[in-house]
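Here is the structure we will look at, set down as structure tokens.
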Amino acid sequence: MTFLPLYGINVSENPTYEGDDMNKIKLIYEGKAKKVYETDDPTLVIFEYKDSLTAFNAQKKDTMQGKGRLTNLISATFLKLLQDKGIPTHFVKLLDDNHQLVKRLKIIPLEVVVRNTSTGSLCKRLGVEEGLDLVPPLVEFYLKNDELGDPLVTEDHIRAFCFASKPQVEKMKELSLKVNDMLSKYLYERGIKLVDFKLEFGTDEEGNIYVADEISPDTCRFWDLSSKERLDKDRFRKDLGNVLEAYEEIWRRISQPKTTTQKRYEARLFIYLKEGVLDTQGKTVLSSLHSLNYPEVQDVRVGKYLKITLNSPSHQEAEFKVKKMCEDLLVNDLIEEYAFELEEI
Numbered sequence: 001m002t003f004l005p006l007y008g009i010n011v012s013e014n015p016t017y018e019g020d021d022m023n024k025i026k027l028i029y030e031g032k033a034k035k036v037y038e039t040d041d042p043t044l045v046i047f048e049y050k051d052s053l054t055a056f057n058a059q060k061k062d063t064m065q066g067k068g069r070l071t072n073l074i075s076a077t078f079l080k081l082l083q084d085k086g087i088p089t090h091f092v093k094l095l096d097d098n099h100q101l102v103k104r105l106k107i108i109p110l111e112v113v114v115r116n117t118s119t120g121s122l123c124k125r126l127g128v129e130e131g132l133d134l135v136p137p138l139v140e141f142y143l144k145n146d147e148l149g150d151p152l153v154t155e156d157h158i159r160a161f162c163f164a165s166k167p168q169v170e171k172m173k174e175l176s177l178k179v180n181d182m183l184s185k186y187l188y189e190r191g192i193k194l195v196d197f198k199l200e201f202g203t204d205e206e207g208n209i210y211v212a213d214e215i216s217p218d219t220c221r222f223w224d225l226s227s228k229e230r231l232d233k234d235r236f237r238k239d240l241g242n243v244l245e246a247y248e249e250i251w252r253r254i255s256q257p258k259t260t261t262q263k264r265y266e267a268r269l270f271i272y273l274k275e276g277v278l279d280t281q282g283k284t285v286l287s288s289l290h291s292l293n294y295p296e297v298q299d300v301r302v303g304k305y306l307k308i309t310l311n312s313p314s315h316q317e318a319e320f321k322v323k324k325m326c327e328d329l330l331v332n333d334l335i336e337e338y339a340f341e342l343e344e345i
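Residues 1 to 345 (UniProt numbering) are what the sequence shown spells out, left to right.
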């Protein structure tokens, strides 16, 4: 695909700068991608996004001018979007190109990874093919420990070693799946597939849980819907080049207003039993065909056909909505599979 330059985007529209009315009192933490500063308010800190790029637990490093600006703007946009939809996040406001004000939280020592498509460490660990759609999405927990390489842990591990309480684990999982639903739809409408992503969480003094850290191409895998081009840090991991251009492309797509013109679509949906599931209706039809002297028929699988008409601003959003209908109501994913055709009418 062709990457488009960032120049000309009015970043004052999305998100809105609210001015740096907080002072950096003291640097309290510096990580691979950010610096964290105390402020005049003990309940708030300032994130400063760096131009650094790291991979493989910081074994691979580089610096790209402008990268910190892009991750700051992208993360602020996603966090504000989630907050506006009722997801509690630590985001308070965007201060300038490289700084944002956030709530000061006690970080839970776990990373939650949600996977919609098989890739990366999942494929290496289980030997599965890359690019498989995962329905429902997989939710994994990793211990935040650089020295150990952030190992995968089970919920039993989490409880046994008190990394988090059972209610905290349930809340993190619930919020992660809600974030996945919201961002998947938002990005799909902009021609981007949310392949997988990592979230961190923290608690305030009252024990309330918030989405923390960042949501950006550093912490997510984004694929272009049409070309499957990678638009995230995998370009750095795999030496694909055009890393900064990919981040710019994500920012370009999410900073442009979405069209509201509605079009009319027709979906023709076919639902059928998975291979290996006993199809009693199919067996009955097969027996009847044989009794009517059609011995050449070897197998019959009986399914359902639905025709759905819907309004949507784009083919991509209509496709996303039909998939969600299937997953939420129309298809029993334990025993059924589906396919559909979609066209504008």
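Every residue gets a Cβ at the ideal spot worked out from N, C-alpha and C, and that includes glycine.
Exercise for the section: Enumerate, from N- to C-terminal direction, the unbroken alpha helix (DSSP H) stretches of 4 or more residues contained entirely within the region 90-140. Expected result: 121-126
Practice task
Just the C-alpha distance for V297 and K274, rounded to the nearest angstrom, thanks.
Solution key: 19 Å
Handout entry: A318 - DSSP class collapsed to helix/strand/coil
Key = Here A318 sits in helix by DSSP.
Problem - the region 71-84 touching the region 201-208, judged by at least three CB pairs closer than 8 Å - result: no
Exercise for the section: Please confirm if the region 106-122 is in contact with the region 132-147, defined as three or more CB-CB distances below 8 Å between the two stretches. Expected result: yes
Problem - Identity of the residue in D196, N332, D328 and E341 nearest I308 by Cα - result: With distances taken between Cα atoms, I308 lies closest to E341.
Handout entry: CB contact flag (D234, F222, <7 Å)
Key = no
Exercise for the section: Check the C-beta distance from residue 346 over to V112 and give it rounded, since I have them as a contact under 8 Å. Expected result: Missing from the structure shown is residue 346; the chain here goes from 1 to 345 and no further.
Exercise for the section: Could you check what DSSP says for F78 in three-state terms: helix, strand or coil? Expected result: The answer is helix: DSSP assigns F78 an H, G or I state.
Exercise for the section: Assign C326 to one of three DSSP states: helix, strand, or coil. Expected result: Helix, per DSSP.
Exercise for the section: Throw me the rounded Cβ distance for the L44 and L101 pair, which I believe falls under 8 Å. Expected result: 6 Å
Handout entry: Residue range of the beta strand (DSSP E) that includes V211
Key = I209 to A212
Exercise for the section: Check each candidate in S255, Q168 and M182 and name the one with the smallest Cα separation from L110. Expected result: If you compare the alpha carbons of S255, Q168 and M182 with that of L110, the shortest gap goes to Q168.
Exercise for the section: Using the Cα positions of E337 and K304, report the straight-line distance between them to the nearest angstrom. Expected result: Cα to Cα, E337 sits roughly 11 Å from K304.
Handout entry: Distance between C326 and Y188 (C-alpha atoms, nearest Å)
Key = 17 Å
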